[in-house]
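J.: Quick note: the numbering used here has the sequence shown finishing at residue 357, numbered continuously throughout. Below are the structure tokens for one structure; questions will follow.
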Amino acid sequence: MSYIRRQVERMSGYVPGEQPKVAGLIKLNTNENPYPPSPKVLEILRGAIDGKLRLYPDPTSSALRVKLGKIHGFDPEQIIIGNGCDDILNLCVRAFCGECEKLAYFWPSYSLYPVLANIQGATQVELPLDENFQIQAHTPLLSKLDGVKLVFITQPNAPSGGWLQRVQLQRVIEEARGVVVIDEAYVDFASEHCLDLVSEYDNVIVARTFSKAFSFAGMRVGWAVGSGELIAALNKVKDSYNVSRLSQLGAEATLEEWDYFQQNVKKICATRERTSAALAKLGFFVYPSQTNFVFTKPPVPVTAKQWFDGLRAKNILVRWWDADRIRDFARVSIGTDEEIHKFLEATKEVCEEAKR
Ligand SMILES: *Cc1c(COP(=O)(O)O)cnc(C)c1O
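So, in structure tokens, the structure goes:
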């Protein structure tokens, strides 16, 4: 007899991108921001390392919710803060989808969704994206939404990086009887967002993170907005003190430094466009990206695995998955201009070596 739940014994855990211990690697594999938090944010954090750390933090991160509510035009009661956006996604599964109930997600997309479904013992419904990684909300696809309790949509999508057509998204929301979570982890790099759908539909939650555009991945702060009723349910399920004192304070300070972070976002988007153009010039196929990464396929005869391994040998990390539909591609996080310069030089060398 095993000590472990059958469901847990059978499942595989989430596999995060490598966080190397050695220095000197160019790390373009986990979509972190290449620029540090603003000096002001770091100063405020340093100043907060004092005896107050013996006290528990505000259990509901109220000051941060008030600030986000003001910026985005929502009542603070409609907002929940999480220990990263992943925490929020987990809470949604806990609160909205029971064991053996249906949880749907588009595929290929964020590989955490099936893991969360497995932990819960939920029944998974995979909704295939088309060859351009877009939603085609035709009748057979929509019929799969029958009886679904929870749907995850990544917007802009990952790992493809593209913006999903809004009309198709709306058809899914209207067709789904359950809760639809729009995971906007990368939205700060996009030209549109879906926050208005929260006011339009009572089954929509939009989830966001400070990890990518706000250089705060190490501090773990995410948030979500939805109807007061849905957010109240998430609040019942969350850990009492799910966001640390320093994380709350740092995230509040981040929101006061909006211009600094918007400048970084602009720089990253400009570097992204240059990276895409340079890769295309080398014969790579590059999907249009509305994120801080590009999803790209090397030119024949170079395989994505060869390219990934070749870069790794030159101390450059990108992300490659040995999985159906995406194994011909690799995902490259946008770094600083200098990092991307080195990445492109290494890419040229790897391609030349592979063609020999
Ligand atoms: C990075 C990412 C998250 C998680 O963000 P954290 O706030 O760091 O937990 C969620 N969804 C997608 C699609 C992501 O890429």
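Glycine included, C-beta positions come from ideal geometry on N, C-alpha and C.
To the nearest whole angstrom, what separates the beta carbons of Q156 and D184, a pair I think is in contact under 8 Å?
T.: Position 155 of the sequence shown, counted from the first residue, corresponds to residue 156. Position 183 of the sequence shown, counted from the first residue, corresponds to residue 184. Confirmed, Cβ separation roughly 7 Å.
J.: Closer than 5 Å from C-beta to any heavy atom of ligand 1: which residues, in chain order?
T.: Chain-ordered list of matching residues: G85, C86, D87, Y111, T155, A159, D184, A186, T210, S212 and G223.
J.: Cα-Cα, which of A24, R7 and P37 is closest to G219?
T.: Walking along the sequence shown from the start, residue 219 turns up at place 218. Of the candidates A24, R7 and P37, the one whose C-alpha sits nearest the C-alpha of G219 is P37.
J.: Report the partner residues of L128 according to the DSSP bridge assignment.
T.: Here residue 128 refers to the residue found at position 127 of the sequence shown. In DSSP, L128 forms a bridge with F107.
J.: Going by CA-CA distance only, name the one from T292, D310 and V303 that's closest to S192.
T.: Here residue 192 is taken as the residue at index 191 of the sequence shown, counted from 1. Among T292, D310 and V303, the Cα nearest to that of S192 belongs to T292.
J.: In whole angstroms, what is the alpha-carbon distance linking L46 and T210?
T.: Counting from one through the sequence shown, the residue named residue 46 turns up at place 45. Counting from one through the sequence shown, the residue named residue 210 turns up at place 209. C-alpha separation (whole angstroms): 19 Å.
J.: So, are the CB atoms of L318 and L26 less than 8 Å apart?
T.: Counting from 1 along the sequence shown, the entry for residue 318 is found at position 317. Counting from 1 along the sequence shown, the entry for residue 26 is found at position 25. Closer than 8 Å, so yes.
J.: Measure from the alpha carbon of G14 to the alpha carbon of each residue in Q79, V205 and P115, then state which is nearest.
T.: Here residue 14 corresponds to residue number 13 of the sequence shown, with the count starting at 1. Measuring from the Cα of G14, the nearest candidate turns out to be P115.
J.: Please state the DSSP three-state secondary structure of D209.
T.: Translated into the one-based positions of the sequence shown, residue 209 becomes position 208. In the sequence as presented, Asp is not what sits at residue 209; that position holds Arg. Note: R209 maps to strand in three-state DSSP.
J.: Terminal residues of the continuous alpha helix (DSSP H) containing I136?
T.: Locating residue 136 in the sequence shown gives position 135, where the first residue counts as 1. I136 -> no alpha helix (DSSP H), and no H or E assigned at all.
J.: Count the other CB atoms, across all protein chains shown, that sit within 10 Å of the CB of T140; report buried if there are 16 or more and exposed otherwise.
T.: The residue labelled residue 140 in the question sits at position 139 within the sequence shown. T140 comes out exposed.
J.: Q137 to G48, Cα distance in whole Å?
T.: Position 136 of the sequence shown, counting from 1, holds the residue named residue 137. Position 47 of the sequence shown, counting from 1, holds the residue named residue 48. Their backbone Cα atoms lie some 51 Å apart in a straight line.
J.: Out of N119, V238, R95 and Y111, point me to the one whose CA is closest to R332's CA.
T.: To locate residue 332, count along the sequence shown from 1; it is residue 331. Closest option to R332, Cα to Cα, is Y111.
J.: Can you tell me which of the three DSSP states I45 falls into?
T.: Counted from its first residue, the sequence shown places residue 45 at position 44. Three-state result, I45: helix.
J.: Could you say which of T124, A177, V301 and N34 lies nearest to R357 if we only look at CA atoms?
T.: Sequence index remark: in the sequence shown, residue 357 carries index 356 (1-based). Considering only alpha carbons, the answer is V301.
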